[in-house]
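S.K.:
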Amino acid sequence: TPTFTLAPTPTPTPTPTPTPAPTTVSKTFNITRTLSGLSITLTVVEGTGNEASVQWEIENHEEQVFEASRLHAIFYPGARATDQAGNEGEYFVPSPIEQDLRPGDSRHYETRWVFFPESAVITIQLDDFYMQGSSIVEASAEFAFLWGK
103 TPTFTLAPTP
113 TPTPTPTPTP
123 APTTVSKTFN
133 ITRTLSGLSI
143 TLTVVEGTGN
153 EASVQWEIEN
163 HEEQVFEASR
173 LHAIFYPGAR
183 ATDQAGNEGE
193 YFVPSPIEQD
203 LRPGDSRHYE
213 TRWVFFPESA
223 VITIQLDDFY
233 MQGSSIVEAS
243 AEFAFLWGK
């Protein structure tokens, strides 16, 4: 009688599907608003996935020094970003601003947010609160842009 030996059936090894690296998208906007005597321009937004780096150019056109602490407060905690549905982006605490902005000076600055996957239109609001005499003055500026990748 013939004898049969069963050989193990080779199990195919699954080939891992390569995950494409997220691509970085860079968009130039150059949206300028005036806030408390400063000319603030949202210049470029670079994004990878849902994370965005927002580049700013800040110029002091006033004849007086703009204090570093007040300038920093405009961006933290004074900044907030929302999308078209009102979802607020997660904000990374930006680097400190340690030098006053003198008349005629400009400064480059960067902020970072994480937006929702469905975020398409982003509005960033910057707020400035300061004392004028015995009154608190509130000023704000909005920057809106298309974020769709």
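Each step along the sequence shown adds one to the number in our numbering, with nothing skipped, and position 103 is 205. Positions of the beta carbon are idealized from the N, C-alpha and C atoms, including for glycine. Note that this is a predicted model, so its numbers are computed, not measured.
#1: Mind checking which residues open and close the alpha helix (DSSP H) that includes His174?
#2: Which value, in whole angstroms, describes the spacing of the CA atoms of Glu165 and Thr213?
#3: Does the structure place the region 203-211 close enough to the region 241-249 that three or more beta carbon pairs sit under 8 Å?
#4: So, helix, strand or coil for Ser208, using DSSP?
#5: Decide yes or no for the touch test of the region 192-202 against the region 220-227: beta carbon pairs closer than 8 Å, at least 3 of them.
#6: Ala154: buried (16+ other C-beta within 10 angstroms of its C-beta) or exposed?
#7: Which value, in whole angstroms, describes the spacing of the CA atoms of Thr125 and Trp249?
#8: Output yes or no for whether 8 Å exceeds the beta carbon distance between His163 and Ile199.
#9: From this set, Thr130, Ile160 and Ile176, which residue's C-alpha is nearest Glu148's C-alpha?
#10: Report the CB separation of Asn132 from Thr143 in whole angstroms; it is logged as a contact under 8 Å.
#11: Would Tyr232 and Ser171 be called neighbours here (beta carbons separated by less than 8 Å)?
#12: Who are the Cβ neighbours of Glu159 in its own chain at under 7 Å, not counting the five residues just before and after it?
#13: Given a threshold of 16 other Cβ atoms within 10 Å of its Cβ, counted over all protein chains shown, does Gly235 qualify as buried or as exposed?
#14: Just how far apart, CA to CA, sit Asn152 and Gln201?
#15: Hey, quick one: how far does the beta strand (DSSP E) through Leu228 stretch, first residue to last?
M.R.: The structure says:
#1: In the sequence shown, the residue the question calls residue 174 occupies position 72. That run of the alpha helix (DSSP H) goes Ala170 to Phe177.
#2: In the sequence shown, counting from the first residue as 1, residue 165 sits at position 63. In the sequence shown, counting from the first residue as 1, residue 213 sits at position 111. Taking the straight line from one Cα to the other gives about 27 Å.
#3: No: the two stretches stay apart, fewer than three of their Cβ pairs being nearer than 8 Å.
#4: By one-based count along the sequence shown, residue 208 stands at place 106. Look at Ser208 here: in three-state DSSP terms it is strand.
#5: Too few Cβ pairs lie closer than 8 Å, so no.
#6: Indexing the sequence shown from 1 puts residue 154 at position 52. Looking at its Cβ environment, which holds 16 or more other Cβ atoms inside 10 Å, Ala154 is buried.
#7: Reading the sequence shown from its first residue, position 23 is the one you call residue 125. Reading the sequence shown from its first residue, position 147 is the one you call residue 249. In this structure, the alpha-carbon of Thr125 lies about 14 Å from that of Trp249.
#8: For this step, residue 163 is matched to residue 61 along the sequence shown. For this step, residue 199 is matched to residue 97 along the sequence shown. No Cβ-Cβ contact shorter than 8 Å links His163 with Ile199.
#9: Within the sequence shown, the letter at position 46 stands for residue 148. For Glu148, the nearest C-alpha among the options comes from Thr130.
#10: Position 30 of the sequence shown, counted from the start, is the residue given in the question as residue 132. Position 41 of the sequence shown, counted from the start, is the residue given in the question as residue 143. With a Cβ gap of about 6 Å, Asn132 and Thr143 count as contacting.
#11: In the sequence shown, the residue the question calls residue 232 occupies position 130. In the sequence shown, the residue the question calls residue 171 occupies position 69. In this structure, the beta-carbon distance from Tyr232 to Ser171 does not fall below 8 Å.
#12: Taking the first residue of the sequence shown as 1, we reach residue 159 at position 57. Cβ within range, chain order: Thr143, Thr145, Ser208 and His210.
#13: As a working mapping, residue 235 is identified with position 133 in the sequence shown. By the neighbour-count definition (other C-beta atoms within 10 Å, threshold 16), Gly235 is an exposed residue.
#14: One-based indexing of the sequence shown puts residue 152 at position 50. One-based indexing of the sequence shown puts residue 201 at position 99. When the Cα atoms are used, Asn152 and Gln201 turn out to be separated by approximately 31 Å.
#15: On the sequence shown, residue 228 is found 126 positions in, with the first residue counted as 1. In the DSSP annotation of this structure, the continuous segment of the beta strand (DSSP E) that includes Leu228 starts and ends at Val223 to Gln234.
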